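Residue numbers 176 to 217, in this note's numbering, belong to the letters of the sequence shown in order. Quick notes on the structure that follows.
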Amino acid sequence: MIPVLTEVASGSPEMLFFPIFQPEGDFIIQQASQVPVWKTPR
């Protein structure tokens, strides 16, 4: 999932919306915390 989040982040999005449920949503949040651009609030 990190490659996908990195690719999405390269487009400078204002937010990330993912209409899914737990536990998949928890996994995406965990993975996003490993991509530096998602750690920085804008």
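Glycine residues also receive a C-beta, built at the ideal position from the N, C-alpha and C atoms. In this text the structure is predicted, and so the values were computed from the model without any measurement.
Do the CB positions of residue i and residue j come within less than 8 Å of each other?
| i | j | result |
| --- | --- | --- |
| I177 | Q197 | no |
Excluding the 5 residues flanking residue i on each side, which residues of the same chain have their C-beta closer than 7 Å to its C-beta?
| i | result |
| --- | --- |
| M190 | none |
| E182 | none |
| F193 | G200, I203 |
| L180 | Q206, A207, V210, W213 |
With a CB to CB cut of under 8 Å and the five nearest residues on each side skipped, what residues in its chain are close to residue i?
| i | result |
| --- | --- |
| A184 | V210, V212, W213 |
| S187 | none |
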